[in-house]
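Report on one structure; see the data block that follows.
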Ligand code: HXC
Ligand code: NAP
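Numbering (this note's numbering), first residue to last: 6 to 278.
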């Protein structure tokens, strides 16, 4: 269930906003009255997301670009600004992930995740900055527990997302004087998402994840959207540079337990092939 917020007439941009958690965030802002723009690589996913978001009756735009391509990011965000005006809220959450041991990853495999998650986040921040409302904008990174909890099979994601959280803190310092607040949200295990399909691919692993959450349930996209809307609202007017887990308490122990189960399942699979 969404909490009640009113973002009528506000402009909200969600990069990586065409599926999963980030589409859930875009949808919640649109339901709350915001004009919304979403972007990702696949033109088909962009079109489908735009159709879904338009059902809420506000202005909706889409653009297809790869966050690794700074010129594409620049052009896409300029287009959003021309039609929707200054950005009140930007959510930057494009990411890539697959489970793999560092010793088995190619240079390009490690690079692809770091370039999507970290360099891509920098590109979006750099090119969004001229279009942000000053003062008053809220800028939100979508991070992950890997940023501060080490685990097997996730060296690339951990390195990248730790960088994203330090980017959050650095920008909070640099942009604070403009009246722009910058924060990270760290989702827990969110049911039905691509991320969980990749990291908990079997029913047994899915059950282990749910049991490892102190609140004994997986999260939903609305759980993360509610946190994003809270951070973007006046209620969070003095919250800046925070890394906020929204995970039922999972970061206290559950994430590590889940990744140990995944590593065991991975090792068993490797032995059998
Ligand atoms: C080892 C792999 C691999 C795997 C790809 N690679 N999958 N290596 N194990 N399972 C290698 C490839 O062989 C290649 O290296 C390099 O990675 C780049 O692969 P490409 O397919 O060419 O890259 P690209 O098309 O840019 O795709 C990026 C991607 C892909 C990350 C690999 O999976 C993707 O587009 N993902 C986006 C969606 C996604 O991941 N969503 C989940 C986000 S969840 P070589 O050497 O062969 O060239 C998340 C956190 C979840 O981020 C947290 C839950 C707790
Ligand atoms: P998802 O559905 O795969 O979402 C990723 C989004 O990013 C998609 O819209 C994807 O669309 C886009 N994207 C990927 N690579 C891109 C690129 N190079 N350029 C532009 N856009 C790109 O995954 P999700 O599981 O919902 O994850 C969303 C966010 O939450 C991620 O930041 C992830 O790290 C974080 N997270 C997820 C979980 C979880 O439980 N799922 C937990 C913690 C953190 P295209 O394919 O069209 O590009």
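Yeah, the Cβ is synthetic: ideal placement off N, Cα and C, and Gly gets one too.
Whether or not the segment 166 to 180 and the segment 121 to 131 are in contact is what I'm after, with contact meaning three or more pairs of Cβ atoms, one per stretch, closer than 8 Å; do they touch? Result yes; three or more Cβ-Cβ pairs closer than 8 Å.
With respect to the alpha helix (DSSP H) encompassing residue 260, which residues constitute its N-terminal and C-terminal limits? Here the alpha helix (DSSP H) through residue 260 covers 259 to 277.
In chain order, what are the residue ranges of uninterrupted beta strand (DSSP E) at least 3 long that sit wholly in the segment 50 to 114? Runs found: 65 to 69 and 94 to 97.
So, does the segment 62 to 69 touch the segment 88 to 106, judging by three or more C-beta pairs under 8 Å? Yes, the segment 62 to 69 is in contact with the segment 88 to 106.
Between which two residues does the beta strand (DSSP E) containing residue 16 stretch? Taken as a continuous stretch (DSSP letters only), the beta strand (DSSP E) holding residue 16 covers 16 to 20.
Do residue 245 and residue 177 have their C-beta atoms closer together than 8 Å? Result yes, Cβ atoms of residue 245 and residue 177 sit closer than 8 Å.
How about residue 77 and residue 70: do their beta carbons lie closer than 8 Å? Yes, Cβ-Cβ distance for residue 77 and residue 70 is below 8 Å.
Any heavy atom of the ligand HXC within a distance shorter than 7 Å of the CB on residue 199? Yes.
By alpha-carbon positions, which one of 46, 241, 95 and 233 ends up nearest to residue 132? Nearest to residue 132 by alpha-carbon distance, out of 46, 241, 95 and 233, is 95.
Under 8 Å by Cβ, that's how I've got residue 226 and residue 26 pegged, so tell me the actual separation to the nearest angstrom. Confirmed, about 5 Å.
Considering only residues of the same chain and omitting the five flanking positions on each side of residue 120, which have a CB-CB separation below 8 Å? Sequence-distant Cβ neighbours of residue 120 in its own chain, meaning closer than 8 Å and more than five residues away, are 73.
First through last residue of the beta strand (DSSP E) which encompasses residue 186: Segment 186 to 192, the beta strand (DSSP E) holding residue 186.
Taking 7 Å as the cut-off, is the CB of residue 203 close to at least one heavy atom of the ligand HXC? Yes, since a heavy atom of the ligand HXC falls inside the 7 Å radius drawn around the Cβ of residue 203.
When you compare each of 35, 48 and 243 to residue 59 by their alpha carbons, which one comes out closest? Relative to residue 59, the option among 35, 48 and 243 whose CA is nearest is 35.
Less than 8 Å between the C-beta atoms of residue 187 and residue 144, yes or no? Yes, Cβ-Cβ distance for residue 187 and residue 144 is below 8 Å.
May I ask you to report which of helix, strand or coil DSSP gives residue 41? Assigned with DSSP and collapsed to three states, residue 41 falls in strand.
With a cut-off of 8 Å, do at least 3 Cβ pairs link the segment 110 to 120 to the segment 48 to 57? Not touching, per the Cβ criterion.
For residue 249, report the span of its beta strand (DSSP E) as first-last. Going by DSSP, residue 249 is part of the beta strand (DSSP E) stretching over 248 to 251.
Going by other Cβ atoms of all chains shown within 10 Å of its Cβ, with 16 needed for buried, is residue 202 buried or exposed? That one is exposed.
For residue 136, which residues from the same chain have a beta carbon less than 7 Å from its beta carbon, with the 5 sequence-adjacent residues on both sides left out? Here the set comprises 82, 86, 91 and 92.
With distances taken from CA atoms, which of 185, 200 and 18 is nearest residue 150? Here the closest residue by C-alpha is 200.
Heavy atom of the ligand NAP within 7 Å of residue 143 beta-carbon: Answer for residue 143: no, Cβ out of range of the ligand NAP.
In the DSSP assignment, the alpha helix (DSSP H) including residue 229 goes from what residue to what residue? Per DSSP, residue 229 is one residue of the alpha helix (DSSP H) stretching across 226 to 237.
Between the alpha carbons of residue 97 and residue 33, how many angstroms are there, rounded? About 15 Å.
With DSSP as the reference, label residue 220 as helix, strand or coil. Here residue 220 sits in coil by DSSP.
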